[in-house]
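Below: one structure, written as structure tokens.
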Amino acid sequence: MKKIINEPQHVVSEMVDGLVRSYPQYLEKIPDTEAMVRSDKDSMTGKVGIVSGGGSGHEPSHAGFVGKGMLSAAVAGQVFTSPTPDQIYAAIKAADHGKGVFLVIKNYSGDVMNFDMAKDLAELDDIKVKSIIVDDDIAVENSLYTQGRRGVAGTVLMHKLVGAAADQGATLEEIEQLAQSALANIKTIAVALSAATVPEVGKPGFTLADDEIEYGVGIHSEPGYRREKIKTSKKLVTELLEKIEKNQPLKSDHQYAVLVNGMGATPLMEQYIFSHDLLDQLEDRQIKPVFMKVGNYMTSIEMAGVSLTIFDLVDNKWLEYLNYPVETIAW
Amino acid sequence: MKKIINEPQHVVSEMVDGLVRSYPQYLEKIPDTEAMVRSDKDSMTGKVGIVSGGGSGHEPSHAGFVGKGMLSAAVAGQVFTSPTPDQIYAAIKAADHGKGVFLVIKNYSGDVMNFDMAKDLAELDDIKVKSIIVDDDIAVENSLYTQGRRGVAGTVLMHKLVGAAADQGATLEEIEQLAQSALANIKTIAVALSAATVPEVGKPGFTLADDEIEYGVGIHSEPGYRREKIKTSKKLVTELLEKIEKNQPLKSDHQYAVLVNGMGATPLMEQYIFSHDLLDQLEDRQIKPVFMKVGNYMTSIEMAGVSLTIFDLVDNKWLEYLNYPVETIAW
Amino acid sequence: MLTAENTKKWMDSFYRKIEENKDYLSELDTPIGDGDHGNNMMRGMDGVKNSLAQLQDPDLKTVLKAIAMGLISKVGGASGPLYGTAFLEMAKKCSETQKVNELLSVALAGIKKRGGATEGDKTMVDVWSPVAQSNAITPKIIDDAIASTKDMQARKGRASYLGERSIGHLDPGAVSSGYLFTALLETEGTL
Amino acid sequence: MLTAENTKKWMDSFYRKIEENKDYLSELDTPIGDGDHGNNMMRGMDGVKNSLAQLQDPDLKTVLKAIAMGLISKVGGASGPLYGTAFLEMAKKCSETQKVNELLSVALAGIKKRGGATEGDKTMVDVWSPVAQSNAITPKIIDDAIASTKDMQARKGRASYLGERSIGHLDPGAVSSGYLFTALLETEGTL
Ligand SMILES: Nc1ncnc2c1ncn2[C@@H]1O[C@H](COP(=O)(O)OP(=O)(O)O)[C@@H](O)[C@H]1O
Ligand SMILES: Nc1ncnc2c1ncn2[C@@H]1O[C@H](COP(=O)(O)OP(=O)(O)O)[C@@H](O)[C@H]1O
Ligand SMILES: [Mg+2]
Ligand SMILES: [Mg+2]
Ligand SMILES: [Mg+2]
Ligand SMILES: [Mg+2]
């Protein structure tokens, strides 16, 4: 393990301190936690608070999206480990300005249970809390008898939507409604070229041969659905797009938003080439995305690979929310 | 070599196409070139044009900084290879709106000569052209008898300054003056944990053992000044800061801007930890930066490592330029 | 019968078992999880140790609550809220009864409610459930319960992403729960 | 005497040498440069080949200019503008004289002006200079000139970043220039 760190057990606290000290104009640390709240308090007055978070290692998620028009607060857990209820609760309190707080949770049992307990704590304090459990990763077949699908890069688009709605004065109920209807239209699938190394673990979560890739890997090195020899970018796009299509037909008369997300170690050069092939293959289907972003948004430490998120903009308002101006470090 | 690409010899053209197609609101391709110009033409009217560029592989540099308030156009050469004069000339023409064009060139013999020839071509067309040769990398001892210092991440801050000045209506002469006086105060030094692989070459530019790092490496795998065993982030900061201090004393009564720049494969987690240690050690010198950015701005494909740029804000106006709002993909 | 005193001893013993088996638990979590269960439990038990050290002459309820809060506020992973909820439920119930099997029953109900898992889902429930239901806990009951998770297909937690590939591995949370009950068995005066 | 015809033959021969030695040139560029000189020259000579193929019955000036533009618009690296300038200067001069050594002299001056290097800086100048100054080019002059760069310390181009560590390696641009002049020697009617 070759990393620019000090003691592995201190990576999260040092990272959070580094982040808030580098960007005091956006972020403030909530004392005695690894949670961060928007510095621009005025921008939250009279609005529903939006809180997200999860394990660390997904930078710039989640704190990079805290700021006017997007998240109110973000909580950083240990690397690849959910934050604890007390910390989430502190973020909820900091985000509440009398209109309630909306939680964006990724569908992992740890996250769901910890956020749930935080919600219980907040409700004891009469803070209204609602939430969405994002499960956009189509790698895993959904089933009533499993944990269900994981939450991955589509979460970033979810942040953008609910953040914009909150900034425009939507109520907690309206935001919940928005989140639910949008979620059904957000699908993500990834391909990995290498795995991440959790500092405290010291070795990669899995290993791939020099010429091997794995489709469907999660953002914490969860196993995917197939390993094979590395393919051209064109063929990777074909595989991922067909997988998405099986879950959500791509229609030429629909409007789509697209997020090509780098997993951490994959250079933008490769992400742009992938995007080029993607746009070609969407064009073959007479589709031209109306919104697109390419870059590292929901990473997996230094994993190499990309994920592709396709968001079917069934409601016109959603595009407006995606384009709504924000003041954050990373959007 | 494990990369998301198609044919290695087409990476640049596919990347450029992917970039302009993903971000048509910012970028337009200049026909028959790998040069890109701002889509928002109105924002350039009556203003000095700013053109930058260089080899590809430094994404989001340089096209990621094209947009209102920053660059007018950017030229992408082959990977780690200067763009050719005809392409630079096309960018100059696209950027000229009657007030002349200012070129930001990094100090490599290829870049200097190719931009120089482009300048000759433009002057034949009566376009006024001036330029700055950025040489912020202090790894190499400067000397009259060498190529001199290389241009690295400090170039991004240079883009920001001259872009803001141009947007505010500065003349070509004023911009040249600004660039020259700022340049003397921008110093950068890097540490690498691994090297980049140029797709057409297929193997890394150098190799480091599993526990080895190299100080002073350039953005094209140029050799640095020392190899040693990996150290803690704190100690890396100490080494780099002392190296900068030898070139430019750090004074508690000066104002500083800081850029912590990831080289491509180093996760933000590590960059934030590095920033934390940096801010500590600056604090020991009674220095608190008035401007700071942390992230991947001038990369070296998938090289792992960071560079540290310290900019002594001798002139008050410079901070204003750094904070001036821009509309780009990557600033 | 649980008392403040023997519960603290129980936790001392559990702490040592987690400490000794930290790497093993993380290893168990590697093929079917994310390789951190040992680290998570160690962080949690460090939290418990600290919470308990701060109490002066606490009653049983205070002890159980401190254990819960230590786990809840330090673990983060799935195991944190689950173990935490278990002890929280025991704390709520202990004014009424201090009988071990009655307390473990409310704890089990809490775990099931929090995580939505049931018997056979290849989780810690598969150890908590037979133990809580037995009138006399024995090493064999614990060991059989742990071993039973090996052939199950996971339907909750990270291991469920693996589908059939989760079969053939012990569930890490079942193993750590085994340590908890072995520690309980070994704590004089609890049973 | 250069003519349109023999200059095209010269370029054919240079093209083949670059093609054959592409990897070797890039290898030479690895320890003291960025490992791309062979690729750069190959891209440039492909450009030259294309430019020349488009000309119908060109005169010498047109040929030399096409070579220059092919190199300038395709290479990008330091070698592009340098080789390009050399042929551009020859194109400018060739209405006045077609003598090889006179044309090489103006080419050398162009290279020196463009790159600011002088003899002894461990660049292509160290081959161009002795060749341009000799009344009769011989294989020995070329080879000695190439070999002379080995012990020099680079003061221009990427290799200069290495300081003393640049000593002990041949300069890649000197070697490719050697191919250019060997090709010239081998082209009937040029000398
Ligand atoms: N929904 C659930 N119900 C009961 N137990 C669960 C559930 N989800 C996970 N577990 C238990 O938690 C253990 C994993 O804990 P741990 O590795 O600490 O958390 P994480 O999975 O978040 O990394 C599993 O082995 C399983 O016993
Ligand atoms: N300033 C200069 N003057 C003369 N020749 C130079 C100069 N800089 C570089 N060269 C020549 O160019 C060669 C390197 O060319 P190449 O590898 O194609 O370009 P780059 O260095 O841009 O990668 C060197 O070996 C040297 O002969
Ligand atoms: Mg975990
Ligand atoms: Mg080069
Ligand atoms: Mg785990
Ligand atoms: Mg080279």
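Chains A, B, C and D, in that order, are what the protein sequence lines are.
Positions 623 to 953 (the numbering used here) are the ones given, in order, by the first sequence.
Positions 623 to 953 (the numbering used here) are the ones given, in order, by the second sequence.
Positions -11 to 179 (the numbering used here) are the ones given, in order, by the third sequence.
Positions -11 to 179 (the numbering used here) are the ones given, in order, by the fourth sequence.
Note that the Cβ used here is the ideal one computed from N, Cα and C, for glycine as well.
Note that this is a predicted model, so its numbers are computed, not measured.
Cβ neighbours of A/Asn628 within its own chain (closer than 7 Å, five residues either side excluded): Glu636.
For the region 822 to 846 of chain A, the set of residues with a beta-carbon nearer than 8 Å to any beta-carbon of chain C comprises Glu822, Val823, Gly827, Gly840, His842, Ser843, Glu844 and Pro845, in chain order. Flagged as an interface residue toward chain A: C/Ala66, by a C-beta distance shorter than 7 Å.
Collapsing the DSSP output to three states places A/Asp742 in a helix. Taking a Cβ-Cβ threshold of 7 Å, the residues of chain B close to D/Gly145 are Ser731 and Gln769, in chain order. Taking a Cβ-Cβ cut-off of 7 Å, the neighbours of C/Leu150 in chain A comprise Pro845, given in sequence order. Nearest C-alpha to A/Leu794 among A/Val673, A/Ser665 and A/Gln870: A/Val673. Sequence-distant partners of A/Ser897 (beyond 5 residues in either direction) whose C-beta falls short of 6 Å from its own C-beta, in its chain, are Val882 and Val916. Shown here for B/Lys825: same chain residues with a beta carbon closer than 8 Å to its own, the five before and five after excluded, namely Met623 and Thr819 in chain order. At a cut-off of 6 Å, the beta-carbon of D/Arg31 does not count as near ligand 2: no heavy atom of the ligand is closer than that. For B/Met739, the chain D residues whose Cβ falls inside 7 Å of its Cβ are Ile60 and Pro69, in order along the chain.
When C-beta atoms of the region 871 to 891 of chain B are compared with those of the region 936 to 952 of chain B, three or more pairs fall below 8 Å, so the two segments count as touching.
At a cut-off of 7 Å between beta-carbon atoms, D/Asp22 makes contact with chain B.
Cβ neighbours of B/Glu681 within its own chain (closer than 7 Å, five residues either side excluded): Thr921. Near ligand 6, residues with a Cβ at less than 5 Å from any of the ligand's heavy atoms are D/Asp17, D/Gly21, D/Asp22, D/Asp24 and D/His25; the list follows chain order. One finds Ile626 in chain B with Cβ atoms closer than 7 Å to the Cβ of A/Thr888, taken in chain order. Spatial neighbours of A/Ala740 in its own chain (CB-CB distance under 7 Å, excluding positions within 5 residues in sequence) are listed in chain order as Pro707, Ile710, Tyr711 and Ile714. Residues of chain B whose Cβ lies closer than 8 Å to the Cβ of A/Glu656 do not exist; the shortest such Cβ separation is about 12 Å. Remark: C-beta atoms of A/Met666 and A/His719 approach each other more closely than 7 Å. Distance from D/Lys87 to D/Met(-11) at the Cβ level is roughly 6 Å; contact confirmed, criterion being Cβ atoms closer than 8 Å. B/Phe737 and B/Tyr730 have their C-alpha atoms some 11 Å from each other.
For A/Thr703, the shortest C-beta to heavy atom distance toward ligand 3 is below 6 Å. At a cut-off of 7 Å between C-beta atoms, B/Met914 counts as an interface residue with respect to chain A.
In the three-state DSSP reduction, A/Asn883 falls in the strand class (E or B). Relative to ligand 5, C/Gly72 has its C-beta separated by 6 Å or more from all heavy atoms. Taking the Cα positions, C/Phe169 is about 11 Å away from C/Pro118.
For B/Lys690, the three-state secondary structure derived from DSSP is strand.
Burial is judged here by how many other beta carbons sit within 10 angstroms of a residue's own beta carbon; B/Leu901 has at least 16 and is buried.
Listed in chain order, the non-local C-beta contacts of B/Arg848 below 6 Å within the same chain comprise Tyr837, local neighbours out to five positions each way being set aside. For B/Lys690, no Cβ of chain A is located within less than 7 Å of the residue's own Cβ. The continuous alpha helix (DSSP H) containing C/Tyr167 extends over residues Pro160 to Glu174. With its beta carbon at least 7 Å from every one in chain C, A/Asn869 lies outside the interface. For A/Ser683, same chain residues with a beta-carbon under 6 Å away, outside a window of 5 residues either side, are Met920 in chain order.
Within the region 894 to 906 of chain A, the residues whose Cβ lies closer than 7 Å to any Cβ of chain B are, in chain order, Tyr894, Ile895, Phe896, Ser897, His898 and Leu901. Within 9 Å of the CB of A/Leu649, no CB atom of chain B is found; the nearest one sits about 11 Å away. Using a Cβ-Cβ cut-off of 7 Å, A/Asn736 counts as an interface residue toward chain C, since at least one Cβ of chain C sits closer than that to its own.
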